[in-house]
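Structure, as structure tokens:
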Amino acid sequence: MTETTIAIHRLEHGRGLPLPEVATQSAAGVDLLAAVEDAVTIAPGARKLVPTGIAIALPEGFEAQVRPRSGLAMRHGITVLNAPGTIDADYRGEVGVLLINHGTETFTVERGMRIAQMVVAPVAHIVWVESAELPTSERGAGGFGSTGFTTAPGKR
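Quick note on numbering: the sequence shown equals residues 2 to 157 in my numbering.
Next comes the structure, spelled out in structure tokens:
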């Protein structure tokens, strides 16, 4: 894995919480923690912006994606509403996590709880080249669901 140095600033309400870190050596993302003073509840169907207590300075040519934690989604129906949320290299504000409760019960976010994960990745800047025609592909112009759901080889 490639290491990239990223400046991080711990905000006052993030003091006492560990900095984001990978859970295992091969993990793609770091855990983001809730930097709330008091517990925050999210009713079914409701959403809340949860602070993390950190701000970062990504190097030019990188982005960070805020993604849901699978355990919260599976057990409680809690996910990141705008998943993946993008943090651009020029953003210097607090990293916030927009959580939504798709579950059937009120969910409580407590200080230090792992609420999301963040993956840092390189970004390709594109240059559009307008073309009268596009090259053909196996899929072509097929839209939503056009590749089907294969249940067995050769059957759709």
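No residue lacks a Cβ here, since even glycine has one placed at the ideal position from N, Cα and C.
Everything numeric in this text was worked out from a predicted model, so none of it was measured.
Limits of the unbroken beta strand (DSSP E) element including residue i
i: Gly72; result: No beta strand (DSSP E) holds Gly72; the alpha helix (DSSP H) holding it covers 71-77.
i: Ala65; result: 63-68
Distance, residue j Cα to residue i Cα
i: Pro21; j: Val41; result: 21 Å
i: Gly72; j: Ser132; result: 45 Å
i: His10; j: Arg16; result: 10 Å
i: Ile79; j: Val37; result: 17 Å
i: Ala29; j: Glu4; result: 12 Å
i: Met1; j: His14; result: Outside the displayed span of the chain (2 to 157) sits residue 1, for which this structure offers no information.
i: Thr105; j: Arg68; result: 21 Å
i: Glu95; j: Val23; result: 20 Å
i: Pro123; j: Phe63; result: 4 Å
i: Thr25; j: Thr107; result: 30 Å
DSSP-derived helix/strand/coil call for residue i
i: Glu13; result: helix
i: Ile55; result: strand
i: Glu38; result: coil
i: Leu135; result: coil
i: Arg48; result: strand
i: Leu33; result: strand
i: Ala8; result: strand
Pair within 9 Å by beta-carbon distance, residue i and residue j
i: Val98; j: Ala117; result: yes
i: Arg115; j: Leu82; result: no
i: Leu12; j: Gly54; result: yes
i: Pro60; j: Ala35; result: no
i: Arg93; j: Ala56; result: yes
Output the residue ranges of the beta strand (DSSP E) runs that lie fully inside the region 73-126 and measure 3 residues or longer, sorted by chain position. 79-81, 86-88, 95-102, 108-110, 115-123, all fully within the region 73-126.
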